[in-house]
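Residue numbers (our numbering): 16 to 252.
C-beta: ideal position from N, C-alpha, C; glycine also.
Below you'll find the structure, written out as structure tokens, and then a few comments.
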């Protein structure tokens, strides 16, 4: 909406005020938010929900007001609230409910006033859509919900290709097989597998080099055994 604001004006269509990304941890919600800001070429303010919560009366609401004030000053701007469920859980539930109730009320006030804050889009992410206060999901607030699910085999293969790109892989590395054998893992897990496989290969290479002082790094390869061991380590975490 920020990048193509003139198109929305031409279409006589109001863009969504808020976009909520939801899905399990590690599926790339925060990464997507940053990518959207980068692609839109606008200012980006990122806030973790727990950072705004305070046991002192009025502090949490003040924090919410300050964030929206900064977003208005930085327009065009995307303001991103990570872990929205911690900032705006279902009202009346849990510890310090009076604090969260007031914070949610302030958040709703700011969202409802965003129409005059032209050039500001609110992005948020949550691992638990079921405990986000439903008032935030009504029309005119978070109008657009986007699910980032656990990746299927095809998506896992694409993620492996991204994180393995440019690495000196041995001929026995089969990324398709790795994708098949990592059912249930998310993007963050796959990134961790690729990083751990690299570290295992580096450690083995350096151990073997101690005897001959050969610094010919062209011989260095990350093999299937390193990926298999790394996969096992991540699955056992």
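A straight-line Cα-Cα distance of about 10 Å links residue 241 and residue 217. The stretch 149-168 makes contact with the stretch 18-36, as at least three CB pairs between them are under 8 Å.
Residue 23 counts as exposed, since fewer than 16 other beta carbons sit within 10 angstroms of its beta carbon.
Fully contained in the stretch 103-170 are the following beta strand (DSSP E) runs of length 3 or more, in chain order: 135-141 and 157-162. Residue 204 is not bridged by DSSP to any residue. The C-alpha of residue 66 is placed about 11 Å away from the C-alpha of residue 82. Under the three-state reduction of DSSP output, residue 99 falls in the helix class. When the Cα atoms are used, residue 185 and residue 236 turn out to be separated by approximately 5 Å. In the DSSP assignment, residue 83 falls within the unbroken alpha helix (DSSP H) covering 74-88.
Among the bridge pairs identified by DSSP, residue 174 is matched with none.
In the displayed model, residue 37 falls within a strand according to three-state DSSP. DSSP, read as helix, strand or coil, puts residue 220 in helix.
In this structure, residue 121 keeps its C-beta atom at 8 Å or more from the C-beta atom of residue 153.
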